[in-house]
Structure formats: structure tokens, C-alpha cells
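Numbering (our numbering), first residue to last: 286 to 515.
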């Protein structure tokens, strides 16, 4: 028997994740492409927004050809509507609904989630969004907003996790300190379809899932996105 771990670590969705870094990091790649990595939507939320906008400001100053927003390995927290910096149009998100025994159907709860345009807007000729299965919960909501920005190309091996659902009313305490949660609400889009659950944010350009790509020392998904925004 031969023990081999390369394939395991290559496919693990949180392989190489560093939890000590800033929630948002940015740099200019090869002098032409602005790259923003949003590592978390859970840390200091005000800091996340400030760092994200600061990156956009710097990229405008450098007159980059395009930008890449990387949401891979972001396990969520709170959706911040960051796409509002990149479009002057509202983006309609999910409408929370709970099943009503009285009416026998799902009924809306509260207002539909919406990404509203920020007063300060930033424009770039080309845009790319990186996603993977490690992006779920609030990260999926953030990714959906970004994916609806005009001109955005979504790149990845896989879509986001596809696990967005309402579990606030589905918390159960079990014996011996165990707990269990299950979704009791759903989110729907204006056309009545289910929002994200089971599908996630799909790549508009799906990177081929090959042994060579997975075991490459290079970030193949980032390289593909870079080729799209140069």
C-alpha cells in the first residue's frame, strides 16, 4: 500500500487557508490587473468595506486594465453588498419565505434583500470573480451580487457551495451537549425560482478539472481569470 496525500490536499476546499491574515488583501498583478482577495465576511465588517474600497481607489489611480475579485475559501459571515461600488443599478437578491400552515404555501417574511448602489462608484473595463465550493452562506450572497454586475465574468472549477437557506428557526438542542440545525425557510428570486440553494453561483467560465490543473504549483483559476481581464 502506498500512502499518497497530494490529491487529498489538492482537492480540499480549505487547503492552505491562513486565518491570521487581513480579511481583505489586494495587489496589482503584473502591473496591469487589480486583484482583491476577500478572505472573510465575518471579521471587522467596517474594516472589510474600507479595505475593499481602498483597493478600488488604488486600482483607479493605477489605471489597471481590469480587476479580479477572489471569494474562494470565504466561509461567510455577513453580506455587505460590496457589488454596490461597481454598479449604479439595484441588484435584487433573495426574498425570505416561511411555510404557513394557515395558507398551505410559503409566505414572504420582511423585505426582499437588495444590493443598493453606493454613492461613490468605480468603473473598470473588465471584471472577473473567482468562486469555489468553500464560498458559502454570506459569501454566496456576496458572490451573487458581484456576478450580477454588468460585464462580470465568473471563473472557477466549481460553483459556490449552494447551501444558502434560512436556519434561524431550525436550531435544536439534543442530549449530551449535541445540537442540530435544519433550514426552515427559503429564499426566492423575483421569478419565483429558489435563490442559490442547491445551485450556488455558477461559473460563466468553468476551468477544466484535470489532474494537471489540480496538482499544478500555480493558481490555474487565477491565471485563467487574469487572461480574461488583461
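The beta carbon of each residue, even a glycine, is placed where N, CA and C say it ideally should be.
In the structure shown, residue 432 adopts helical secondary structure according to DSSP, grouped into three states. Taking the Cα positions, residue 409 is about 18 Å away from residue 509. The C-alpha of residue 383 is placed about 29 Å away from the C-alpha of residue 325. Judged by DSSP in its simplified three-state form, residue 397 adopts coil rather than helix or strand. In this structure residue 440 touches residue 506 by the C-beta definition: roughly 6 Å separates them, less than 8 Å.
Under the criterion of beta carbons closer than 8 Å, residue 448 and residue 421 qualify as touching, at roughly 5 Å.
DSSP assignment within the region 403–477 yields the following whole alpha helix (DSSP H) runs of 4 residues or more, N-terminal first: 423–432. Exposure of residue 287 is indicated by the presence of fewer than 16 other C-beta atoms within 10 angstroms of its C-beta. Counting every other CB atom within 10 Å of its CB across the protein chains shown gives residue 497 a total below 16, marking it as exposed. When DSSP states are grouped into helix, strand and coil, residue 486 belongs to the coil group. Burial is judged here by how many other beta carbons sit within 10 angstroms of a residue's own beta carbon; residue 356 has at least 16 and is buried.
By the C-beta density criterion, residue 435 is exposed, having fewer than 16 other C-beta atoms within 10 angstroms.
Distance from the CA atom of residue 492 to the CA atom of residue 391, rounded to whole angstroms, is 37 Å.
Counting C-beta pairs closer than 8 Å gives three or more between the region 352–372 and the region 322–341, which meets the contact rule.
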